[in-house]
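Colleague: If you read the protein sequences in the order shown, they are chains R, V, F and U. Position one of the first sequence corresponds to residue 1407 (the numbering used here), numbered consecutively onward. Position one of the second sequence corresponds to residue 1282 (the numbering used here), numbered consecutively onward. Position one of the third sequence corresponds to residue 402 (the numbering used here), numbered consecutively onward. Position one of the fourth sequence corresponds to residue 8 (the numbering used here), numbered consecutively onward. The beta-carbon is built from N, C-alpha and C at its ideal position, and this holds for glycine as well. All of these numbers come straight from a predicted model, not from anything done at the bench. One structure coming up, written as structure tokens, with questions to follow.
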Amino acid sequence: MTLLRVLLLLLVLSPFVARAGDDPIADLAGNYDDIRHAVDALSVSGNARAEPVIAALQNGALMVAADRSLWIREGDAMLDARSGAPGSPNGPLKPVRLNNAVRRAIEAAMGNLTLFSADPARRLKAAQALFAQPDPAALPTLDRALAKESVAGVRRLLQQAQAAAVLAGADAPIPDRLAAIVVLRARGDLAASNLLAALAGQPPEVAAAAAEGVAAIARAQKIWALAQGVFYGISLGSVLLLAASGLAITFGVMGVINMAHGEMVMLGAYTTFVVQQAVGAWLPGLAAAGVLIAIPLAFIVSGAVGIAIERLLISFLYGRPLETLLATWGLSLGLQQAVRSLFGASNRDVSTPGWMSGAAQWGGVTITFNRLYIIIFAAFVLAALMAVLRATPLGLQMRAVTQNRRMAAAMGIRTPWIDALTFGLGSGVAGMAGVALSQIDNVSPNLGQGYIIDSFMVVVFGGVGNLWGTLVSALTLGIVNKFLEPVAGAVLGKIFVLVLLILFIQRKPRGLFPLKGRAVEA
Amino acid sequence: MASLRTWLRGAALGAAALAALSLPGAARAQDTIKVGILHSLSGTMAISETTLKDVMLMLIDEQNRKGGLLGKKLEPVVVDPASNWPLFAEKARELLSVDKVAAVFGCWTSVSRKSVLPVFEELDGILFYPVQYEGEESSRNVFYTGAAPNQQAIPAVDYLMNEEGVKRWVLAGTDYVYPRTTNKILEAYLKTKGVADADIMINYTPFGHSDWQNIVAQIKKFGSAGKKTAVVSTINGDANVPFYKELGNQGIKATDIPVVAFSVGEEELAGIDTKPLIGHLAAWNYFESVDVPSNKAFIDEWHGFTKKPNRTTNDPMEAHYIGFNMWVKAVEKAGTTQPDKVIDAMIGVTVPNLTGGYAAMMPNHHITKPVLIGEVQGDGQFNVVWQTPGTVVAQEWSPYLEGSRDLIADWRKPLSCGNFNVKTGKCGGASK
Amino acid sequence: MTTRDTLLYLDGVTVTFDGFRALNALSLVLEQGEMRAVIGPNGAGKTTMMDVITGRTRPDTGRVVFGRDTDLTRLDEPAIAALGIGRKFQKPTVFEPHTVWDNLLLALAGDRRPRFTLWARQSAEERTRIEAILATIRLADHARRRAGDLSHGQKQWLEIGMLLAQEPQLLLVDEPVAGMTDAETEQTAELLREINRSRSVVVVEHDMAFVRALGVRVTVLHEGAVLSEGSIDHVSADPRVVEVYLGR
Amino acid sequence: MSGRATMVCLVLVLGGAAVMAALNLATPAASALHVPAYAVSLAGKYLCYAMLAVAVDLVWGFAGILSLGHAAFFALGGYAMGMYLMRQIGTRGVYGNAVLPDFMVFLNWKSLPWYWYGFDHPAFAVAMVLLVPGVLALVFGWLAFRSRVGGVYLSIITQALTYALLLAFFRNDMGFGGNNGLTDFKDMFSIPLHLDSTRDGLLLATAVLLAAELLVARHVVTSRFGKVLIAVRDSESRTRFLGYRPESYKLFVFVLSAVMAGVGGALYVPQVGIINPGEFAPANSIEAVIWVAVGGRGTLVGAVLGAVLVNLGKTFFTATLPDLWLFALGALFILVTLLLPGGLLGLGRRRPRAAPVTQAPEPAE
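Here's what the structure looks like:
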């Protein structure tokens, strides 16, 4: 409210303020309140320097010297904030600090200032900012912008911003406010609902219309929530699928109980970290593609480690599944500790590239990009795996070896080599999963531990040796989990799923899609 | 038939090892004062606790360079309880009864402190506990140098209420005792401030929770009721990264719904890409970015000691710094390291903290602390945006909880009680 | 069709594995006290038939009637074993860590419930039974040896001994002479004939010489159904059998 | 498995415990012969682990059931004991509440949940120590063995079981103290826990119960039942065709083993002074399996030996070389399975004895 009052005051006094020589730019060197007021003042001052200065403030490029003079850092050069002329400040510079109130003011100001940009994309962003920080003071600007706007999308958003600003003020006539409510109700999202819900204290007819709007939005949101839940479920399912698909090869096809599977995932995540660091250091231009570069590398790293494990350890233990379990568990401890010694115990920072951050709105469903890409990636990995198993000579040999080792050997297939490659493939896929997981989870030595039990459950639930089963199983578990979570809470939901799985496996020990036949009934 | 010989060989080995264990270091020199360091160096907690071990080694080293204590050198005894709670008790017993240490600096999690507490009370040792915790405890043998809930949570909520105008609250935490208690206290506190039940949402998640889609969506929905909303997060360690990532991806910015965290410090931020988090808040009693000479000296020394110029400092490190200096001062005051005397001498000891003020040991065995609110910066540091005018005295027994409303702790004679009930005039039970 | 003397009657038994028909409406009748040899090429369904009779595999359709009116398809392996049907596997499976004596002890007819075996002591009667069987299977000198240390032929014999100890009404014997010397083969045929005096036997075998030596009725299976049945001379003259075995 | 080795083991366990207890009580602290209280507790802890190891060996070594969730039974026994000890605190808790444990008071619980009823009676608590793990094992085993879930599948679902319990006990709403678990015990059967003599008594009790457990286990495995069990381990389907019901045998031994593990857990809690959900961690169960593997699977004495040796190593390494401990443990897993299939006790035995264990547990069909 304080902000509002100040703004109104400024609006009324702005001609005087500007003339009074009370320099808002100088105030940017003051405390948070000073800065906030200065930003508000600048945005309506018509000062030509307003936009570059506020933009610099937003980007952390506005610096203050010991003598309170302000500078904008542009590359290596320093520009005087007031004139924009290059210069050399005396003494060390510190960036001007912001707090959330200042950030909100900046957002609104930038909206105001870029509303007339020639670039429709910038205008759209400006309209979004103004909608997010509704401010009756911006109404005249909005009206002008609306009159000039020709792009339909921007226009709609401008109208919404206008409606928000109308409702944020105290003095708009009631019919205007009712019209604004209609606009917001049509927008129909949570932000609109938020603005409408704030109108509870308004005159009765406005409050009633607003309440009705809130209710209408809530009804629509309820239906959307179902779709949203499915998206969450698929997204969790795709994570499970990624974590489990490597295991579907090593455990499902080869029958090796690899307790170090989670560590293969972890190695993939650390590969992503290393690649990102390397790309950042030597090829900064490719930084956004770091994750993509990491995918094949993670496959190679985890795959190579997998082949080494198969040759040095597992090949001595064929036919002794329980011993394999213990030995690979020991291995997982060793790998975790090795990574801990190498990279340190704390989490590593793997950043999310810009194209993977943010979300798209599809009706009432928020589709976050990182999840979307992971779903696509999981589908791609599964398809690639199936293609390898079905359509390549390697896949044919793999299936031959797993079905009848002696026969395959008699036909000239080098079975040990195929074993190693199969295990390498499974591990490599786990490594690729690690790249995806690095985007949503901690990159720490314990990363793999969190997924190992889930992965085994997915493979066993789906039916060992059946990739389609793994897919169905992962998606089912994901969706069931996500629909249970709001009802039962995250922990209880997970416990429920585990108990259901335990019961299910006891009823159908061979999973959803069992392979039938004498050969597997051992 | 098993070969008896082989078996006996094994048994002899075992017996020898047991014997070796049971023999205390009888021949160890007595011209040093031993200081126990009880922090996990392996297991899940190693992430946080290893740093505290290092800072203790640095402080002891520094004290020795100043000439030691009471004319003797200090000797650190480091053990690894391996993030295993029963092992904490075992190692504490070993430190006190085998190594005969004068004081122990250690523990991080509440459960580890609970596990060693009976050992310290039984063997009359001294424990300095450096981590912010849920309160509801005051032992004669423990000095709590971390924050009690009122030294962290309540000022943070005040800040949000007054500076950000927050009206609607999400209390999100990991399901364990610290968030549970803190949220109970906050809930009661918010209600005294006139916040309605409907404006408080409480949510608990398991340790290491990684799929936050639903919960963030719920928060978003909760925050769309027309009132300024904030999240008070007591989410623990590993679950934070996916939480903040999901917040960022679902488009919740600090300017919309700020998150104030009590368990996210500089160490935790080191593992997160902080750019999407700018503006989110944390409440602590110390930040590495605090610009005062004593802190700068401390950081320089830390970098020199660890030989890693990028290693961060954090709040529990400051707590150990304060605790250690207080112990040194109390030992000097008492003229002995005998626990009884030192415990009595501790109350009232005042030493500088690292934020330009002073910390005093109060009769409830907690220390006075300033409360700082910091905003996350793009470089993984916090920028202090607000701080309490003076220092805050700990309320170890929260007045906002039904069970502890009437309890106080005062270890000065003649009361000498950790849970004195002012209503009944009786000392509750845990006193010695 | 069930006569008083029928011991085992398979009625239209069909088993499929993933679309593959291992048994295709197989029907077969075994008389009380009969010994029957079952032959057929690989994949003819011989072992699956044994699996169905002993309860290991459940047929998709069809009945398996034992004795007067017991439907075996509703029982599991231990229940069927308790009815008096014993089975010897193709590959000898004896309990390798146990002694020959203990192997027989475990096989002796008697209470199989844990609450009995937990406190059971070896009775004099059991001892005499085991000694008798040891004599029959010619392993009396090896009673205290670990079964795992026996030769291949000895293991086969031990397994037959274990079958005897079970005192079954019907023995199912899968390739009993595989890997045996000629002399052992002959002894085995003799042993089976001896057993047949008191019990019914079904022998699955590849070795035609051995089948001929047994001199019993032969059933030829092909693609999960009976191709031909009769004396060994009869079936070996059957052109369909010749084609299945020789032609392609 | 010879009777002699068992006897030696019994004598060592009982004698060792008695000597330690006597030296702890009778010699002055300064004496070179004095055994400090800390070592007594430690020895008691090892013996509790040995009880768990014997339980694991019984199912894994003799019945071929690789349970990766046995620590769950250990922890459940521990919780049952912990609940009794909690109730024993009475008004001596920090809040002085006679009925509610401290953690319930400060989380505003109004009344004791029903499942805490009865735990103030020692007899009830002891019954629960036996019953809770036993009944869980009965239900779980009945479902699993009846539907012939075996081998690695069983291992995986036992692991899922203990994981589910871990998550459940972490929940504060369950009323078991959440992450902190149960702690701050004062006395047991009205005897203060912090006295040296109590510690000695607990050590002796543990030794006696371990000895009893060994004798019971020995009877089971040397009886005809045990012979069937080994037959089931090596060739389950063959025993079925002999007319045995492997599921009954497995179920009996699984329940017995769970109860044994529960007793171990119940003795563990008063000696270490805390029980919390961490004990349910799948890693703990797997570690128990490795104790057995190190000592010698299928030999009861080996289980005891393995549990004591590995834990001695753990105590030693975590004190001296904390970073190396996980490497050492990991290497132990790998080396023992690769090179020592018979465990330490297998070393002294004729070579062929180790062989059958290394073969595939199921016969080719």
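Of all Cβ atoms in chain V, is any one closer than 7 Å to the Cβ of histidine 77 of chain U?
Modeller: By 1-based counting over the fourth sequence, the position of residue 77 of chain U is 70. With 7 Å as the cut-off, histidine 77 of chain U does not count as an interface residue toward chain V.
Colleague: Quick one, which of V:Glu1599, V:Asn1664, V:Asp1621 and V:Ser1685 has its alpha-carbon nearest valine 1632 of chain V's?
Modeller: Against the second sequence, residue 1632 of chain V aligns to sequence position 351. For the residues V:Glu1599, V:Asn1664, V:Asp1621 and V:Ser1685, the minimum Cα distance to valine 1632 of chain V belongs to V:Glu1599.
Colleague: The alpha helix (DSSP H) with alanine 238 of chain U in it runs from where to where?
Modeller: Taking the fourth sequence and counting its residues from 1, the one referred to as residue 238 of chain U is at position 231. Looking at the DSSP string, the run of the alpha helix (DSSP H) that includes alanine 238 of chain U is 231-241.
Colleague: Counting only C-beta atoms, is glycine 1427 of chain R closer than 7 Å to chain V at any point?
Modeller: Working through the first sequence from its first residue, we reach residue 1427 of chain R at position 21. With a pLDDT of 42 at glycine 1427 of chain R, under the threshold of 50, the modelled position of that residue is not reliable, and the figure given next carries that caveat. Not an interface residue.
Colleague: Tyrosine 45 of chain U touches chain V at which residues, Cβ-Cβ below 7 Å?
Modeller: Position 38 of the fourth sequence holds residue 45 of chain U. Per Cβ cutoff of 7 Å: Arg1374, Glu1375, Ser1378 and Val1379.
Colleague: Around the C-beta of methionine 14 of chain U, are 16 or more other C-beta atoms found within 10 angstroms, so that it is buried, or is it exposed?
Modeller: Translated into positions along the fourth sequence, residue 14 of chain U becomes position 7. Exposed, since its Cβ has fewer than 16 Cβ neighbours within 10 Å.
Colleague: Rounded to a whole number of angstroms, what is the C-alpha to C-alpha distance between isoleucine 72 of chain U and glycine 1869 of chain R?
Modeller: For the purposes of this step, residue 72 of chain U is identified with residue 65 of the fourth sequence, where counting begins at 1. For the purposes of this step, residue 1869 of chain R is identified with residue 463 of the first sequence, where counting begins at 1. Distance between the alpha carbons of isoleucine 72 of chain U and glycine 1869 of chain R is about 21 Å.
Colleague: Checking the sheet assignment: what are the DSSP bridge partners for asparagine 1645 of chain V?
Modeller: For the purposes of this step, residue 1645 of chain V is taken as the residue at position 364 of the second sequence. Answer by DSSP bridge pairing: none, since asparagine 1645 of chain V is not bridged.
Colleague: Tell me whether isoleucine 1629 of chain R is buried or exposed, calling it buried when 16 or more other Cβ atoms sit within 10 Å of its Cβ.
Modeller: Residue 1629 of chain R sits at position 223 when you count from the first residue of the first sequence. Answer is exposed; the Cβ neighbour count stays below 16.
Colleague: Decide if tyrosine 122 of chain U is buried, meaning its Cβ has at least 16 other Cβ atoms within 10 Å, or exposed.
Modeller: Against the fourth sequence, residue 122 of chain U aligns to sequence position 115. By the 10 Å Cβ count, tyrosine 122 of chain U comes out exposed.
Colleague: Using 10 angstroms around the beta-carbon of serine 1489 of chain R, count the other beta-carbons present and answer buried if the total reaches 16, otherwise exposed.
Modeller: To locate residue 1489 of chain R, count along the first sequence from 1; it is residue 83. It counts as exposed.
Colleague: If you run the structure through DSSP and keep just helix, strand and coil, what is glutamate 576 of chain F?
Modeller: By 1-based counting over the third sequence, the position of residue 576 of chain F is 175. In this structure, glutamate 576 of chain F counts as coil in the three-state DSSP scheme.
Colleague: If we count the other Cβ atoms within 10 Å of its Cβ and call it buried at 16 or more, is methionine 1863 of chain R buried or exposed?
Modeller: Reading the first sequence from its first residue, position 457 is the one you call residue 1863 of chain R. So methionine 1863 of chain R ends up on the buried side.
Colleague: Taking the alpha-carbon of asparagine 1595 of chain V as reference, which of V:Trp1366, V:Glu1548, V:Ile1648 and V:Asp1572 has the nearest alpha-carbon?
Modeller: For the purposes of this step, residue 1595 of chain V is identified with residue 314 of the second sequence, where counting begins at 1. The option with the nearest alpha carbon to asparagine 1595 of chain V is V:Glu1548.
Colleague: Using a Cβ cut-off of 8 Å, pull out every chain U residue sitting near glutamine 567 of chain F, in sequence order please.
Modeller: Counting from 1 along the third sequence, the entry for residue 567 of chain F is found at position 166. Residues of chain U passing the Cβ test: Leu249 and Gly250.
Colleague: If you reduce the DSSP assignment to three classes, tell me which class serine 637 of chain F lands in.
Modeller: By 1-based counting over the third sequence, the position of residue 637 of chain F is 236. Three-state DSSP puts serine 637 of chain F in a helix.
Colleague: What's the C-alpha gap between valine 63 of chain U and serine 1364 of chain V?
Modeller: Mapped onto the fourth sequence, residue 63 of chain U falls at position 56. Mapped onto the second sequence, residue 1364 of chain V falls at position 83. Valine 63 of chain U and serine 1364 of chain V: Cα-Cα distance of roughly 24 Å.
Colleague: Pull the bridge partners of serine 629 of chain F from the DSSP assignment, please.
Modeller: Taking the first residue of the third sequence as 1, we reach residue 629 of chain F at position 228. For serine 629 of chain F, which the question treats as bridged, DSSP gives the partners F:Val621.
Colleague: If the criterion is Cβ atoms closer than 7 Å, does the pair isoleucine 1538 of chain V and threonine 1555 of chain V meet it?
Modeller: Start at 1 with the first residue of the second sequence, and residue 1538 of chain V comes out as number 257. Start at 1 with the first residue of the second sequence, and residue 1555 of chain V comes out as number 274. Going by C-beta atoms, isoleucine 1538 of chain V is not nearer than 7 Å to threonine 1555 of chain V.
Colleague: Between glutamine 491 of chain F and alanine 423 of chain F, how many whole angstroms is the CB-CB distance? I'm expecting something under 8 Å.
Modeller: Taking the third sequence and counting its residues from 1, one reaches residue 491 of chain F at position 90. Taking the third sequence and counting its residues from 1, one reaches residue 423 of chain F at position 22. At roughly 16 Å, the Cβ-Cβ gap does not stay under 8 Å, so glutamine 491 of chain F and alanine 423 of chain F are not in contact.
Colleague: From the DSSP output, read off the bridge partner residues of threonine 500 of chain F.
Modeller: Counting from 1 along the third sequence, the entry for residue 500 of chain F is found at position 99. Threonine 500 of chain F pairs with F:Arg547.
Colleague: Which parts of the segment 1586-1659 of chain V are runs of the beta strand (DSSP E), unbroken and 3 residues or longer, counting only runs that do not cross its ends?
Modeller: Within the segment 1586-1659 of chain V, the complete beta strand (DSSP E) runs of at least 3 residues are 1631-1633, 1639-1641 and 1653-1657.
Colleague: Which word fits histidine 1320 of chain V, buried or exposed, when buried means at least 16 other C-beta atoms lie within 10 angstroms of its C-beta?
Modeller: Residue numbering aside, residue 1320 of chain V sits at position 39 when the second sequence is read from its first letter. That one is buried.
Colleague: Under 7 Å, do asparagine 1530 of chain V and alanine 1675 of chain R count as touching if we go by C-beta distance?
Modeller: Here residue 1530 of chain V refers to the residue found at position 249 of the second sequence. Here residue 1675 of chain R refers to the residue found at position 269 of the first sequence. Not a contact, by the Cβ cut-off of 7 Å.
Colleague: Which of the three DSSP states, helix, strand or coil, is assigned to glutamine 278 of chain U?
Modeller: By 1-based counting over the fourth sequence, the position of residue 278 of chain U is 271. Looking at glutamine 278 of chain U - three-state DSSP - the assignment turns out to be helix.
Colleague: Is the beta carbon of proline 289 of chain U closer than 7 Å to that of threonine 169 of chain U?
Modeller: The count along the fourth sequence starts at 1 and reaches residue 169 of chain U at position 162. The count along the fourth sequence starts at 1 and reaches residue 289 of chain U at position 282. Taking 7 Å as the Cβ cut-off, threonine 169 of chain U and proline 289 of chain U qualify as a contacting pair.
Colleague: Using a Cβ-Cβ cutoff of less than 7 Å, which residues in the same chain neighbour valine 66 of chain U once the five nearest sequence positions on both sides are dropped?
Modeller: Position 59 of the fourth sequence, counted from the start, is the residue given in the question as residue 66 of chain U. Only Ile72, Ser74, Val260, Phe261 and Ser264 meet the Cβ criterion.
Colleague: Would aspartate 1456 of chain V and asparagine 179 of chain U be called neighbours here (beta carbons separated by less than 7 Å)?
Modeller: Your numbering for residue 1456 of chain V matches position 175 in the second sequence. Your numbering for residue 179 of chain U matches position 172 in the fourth sequence. Result yes, Cβ atoms of aspartate 1456 of chain V and asparagine 179 of chain U sit closer than 7 Å.
Colleague: For a contact defined as C-beta to C-beta under 9 Å, what are the partners of serine 48 of chain U on chain B?
Modeller: No chain B is part of this structure, whose protein chains are labelled R, V, F and U.
Colleague: Taking only three categories from DSSP, how would you classify aspartate 207 of chain U?
Modeller: Stepping through the fourth sequence from its first residue, residue 207 of chain U is reached at position 200. Three-state result, aspartate 207 of chain U: helix.
Colleague: Which residues share a DSSP beta bridge with threonine 1669 of chain V?
Modeller: Translated into the one-based positions of the second sequence, residue 1669 of chain V becomes position 388. Answer by DSSP bridge pairing: none, since threonine 1669 of chain V is not bridged.
Colleague: So, is the C-beta of asparagine 187 of chain U closer than 7 Å to a C-beta in chain V?
Modeller: Indexing the fourth sequence from 1 puts residue 187 of chain U at position 180. Chain V, which has a Cβ nearer than 7 Å to the Cβ of asparagine 187 of chain U, makes this yes.
Colleague: Give the DSSP bridge partners of tryptophan 1565 of chain V, in chain order.
Modeller: In the second sequence, residue 1565 of chain V corresponds to position 284, counting from 1. BP columns for tryptophan 1565 of chain V point to V:Leu1653.
Colleague: Please classify methionine 267 of chain U: is it buried, with 16 or more other beta-carbons within 10 angstroms of its beta-carbon, or exposed?
Modeller: Locating residue 267 of chain U in the fourth sequence gives position 260, counting from the first residue. So methionine 267 of chain U ends up on the buried side.
Colleague: Go through its chain and collect everything with a Cβ distance to aspartate 452 of chain F's Cβ below 7 Å, but skip five positions before and after it.
Modeller: Start at 1 with the first residue of the third sequence, and residue 452 of chain F comes out as number 51. Within the same chain, aspartate 452 of chain F has close Cβ partners Thr458.
Colleague: Note down the Cα distance separating valine 1659 of chain R from valine 627 of chain F, rounded to an integer number of angstroms.
Modeller: The residue given as residue 1659 of chain R occupies position 253 in the first sequence. The residue given as residue 627 of chain F occupies position 226 in the third sequence. Taking the straight line from one Cα to the other gives about 36 Å.
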